[in-house]
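For reference, the structure discussed in these notes is given below.
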Amino acid sequence: MGDTLKWTSASLEAFPDLSWNQGKDGPGSSAVTPAVAATFNSNGDPDKVWCVFRGAGADLSMYAATYTSLPGWQGNWQISGGQLTYESPALTAFPQADPFCVYRGTDNGFYATKSTDGHTWTYHHPPYWNFTGPALATYKGRLWCVYTSYSDKKLYCVSTSNDQDWGISHPLNVETEKATALIAFKGRLWCMYQGAGDVLYVTTSADGVTWSPPASTGQSSDCAPALTWEPSNDALICVYGNTKDKSSFNYMCTTVDDPKNWTAPKPIGNGNLRASGDGAGIAYYNNSIYCVYRGNQ
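For my numbering, count along the sequence shown from 1 and bump the result up by 83.
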């Protein structure tokens with residue numbers, strides 16, 4: 084099993100059926116699952132796809148790359164400031180034109196960094212410790228982060244309006260030891276996580292404080308799920324690990340405000356084989372879904 088990042092994309096012309104392209108070599112190499120997000124221009128249209136990832140092998144540095152239709156992938160720029168992590172980072176656009184990343188530092192602290200060009204990155208250390216598996220989303224003009232506490236394995240939610248002053252953390256009253264996915268959909272925050280038996284559950288909130296009882300999606304995953312919103316169909320798309328073969332992905336979609344209601348799972352085929360137990364990062368860009376993952380060789 085290698086650390087080479089692969090990528091694929093799928094057109095939305097036959098939604099909810101997605102036809103995935105053959106996997107190609109991606110923006111770099113990583114020992115863990117990469118994070119992917121799209122940034123937007125002043126008109127609110129997707130501007131480019133960003134990928135942030137930890138280095139390969141024992142390299143704990145983080146790197147960034149971008150994708151546009153032309154010329155394709157660019158970068159593999161090291162994130163400045165000596166920022167290191169053992170785990171997968173989380174990534175979103177905040178404000179809409181800038182990539183914003185949260186990660187667990189090598190001291191188990193909570194760190195946040197952002198950039199306007201991919202070359203120079205800020206450095207901020209909010210007062211949170213002993214966490215893992217962060218997930219990020221932009222919602223109601225604020226940046227939201229859900230993470231797992233090491234002390235009790237429960238999920239907590241924090242937010243900021245300016246990326247500096249983070250508020251009080253609020254429990255979601257659910258437990259997981261795996262990474263989560265967070266997104267704004269149908270006027271609420273949706274948090275998807277692996278529960279007992281690796282079943283994927285969703286809990287939602289309108290304010291980040293009070294969360295709904297967990298709803299089962301009816302599907303299981305051997306890795307953290309990935310979510311993205313697709314605007315032309317107002318749809319939520321989820322990519323997750325196929326638990327039967329441990330080397331491929333499935334995807335499912337929903338267009339309704341019901342965390343239990345998803346399309347039947349379908350495989351991401353065409354040679355898109357992943358490293359066993361690893362997830363993917365996904366984003367919507369130019370009427371397609373882009374997916375970056377660690378290849379299986």
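All C-beta atoms in this analysis are idealised placements derived from N, C-alpha and C, irrespective of residue type, glycine included.
Since the model is a prediction, treat every value here as computed from it, not as a measurement.
{"Item": "Which residue comes first and which comes last in the beta strand (DSSP E) that contains E313?", "Value": "A309 to E313"}
{"Item": "Starting from the Cα of A347, find the closest Cα among L356, T337 and N355 and give me that residue.", "Value": "T337"}
{"Item": "Tell me, which residues are paired with E96 by DSSP?", "Value": "According to DSSP, which records beta bridges pairwise, E96 is partnered with nothing at all."}
{"Item": "Classify G280 as helix, strand or coil using the three-state DSSP reduction.", "Value": "helix"}
{"Item": "Using alpha carbons as the reference points, say which of S288, L226 and C228 lies closest to L272.", "Value": "S288"}
{"Item": "Quick test of your reading: T221 and L255, contact by CB under 8 Å. State the CB separation rounded to the nearest angstrom.", "Value": "Their Cβ separation, rounded to whole angstroms, is 18 Å, which puts T221 and L255 out of contact at 8 Å."}
{"Item": "With a CB to CB cut of under 6 Å and the five nearest residues on each side skipped, what residues in its chain are close to P209?", "Value": "F193 and W249"}
{"Item": "Can you give me the Cβ contacts of Y368 inside the same chain, cut-off strictly under 7 Å, excluding the 5 residues immediately before and after it?", "Value": "A121, P129 and V132"}
{"Item": "How is the beta strand (DSSP E) around I320 delimited, first residue to last?", "Value": "A318 to G324"}
{"Item": "To the nearest angstrom, how far is it from the Cα of V234 to the Cα of V135?", "Value": "Here residue 234 is Ser; the residue named in the question, Val, does not match the sequence. So the two alpha carbons sit approximately 27 Å from each other."}
{"Item": "C306 by DSSP, collapsed to three states: which one?", "Value": "coil"}
{"Item": "Is N369 helix, strand or coil by DSSP?", "Value": "coil"}
{"Item": "With C-beta atoms as the reference, is T149 less than 8 Å away from G158?", "Value": "yes"}
{"Item": "Quick check for students: name the residue ranges of the alpha helix (DSSP H) that lie wholly in the segment 213-263, counting only runs of 4 or more.", "Value": "none"}
{"Item": "If W156 and Y146 are in contact, beta carbons under 8 Å, what's the gap, nearest whole angstrom?", "Value": "Not quite, the Cβ-Cβ distance comes to about 12 Å (not below 8 Å), so this is no contact."}
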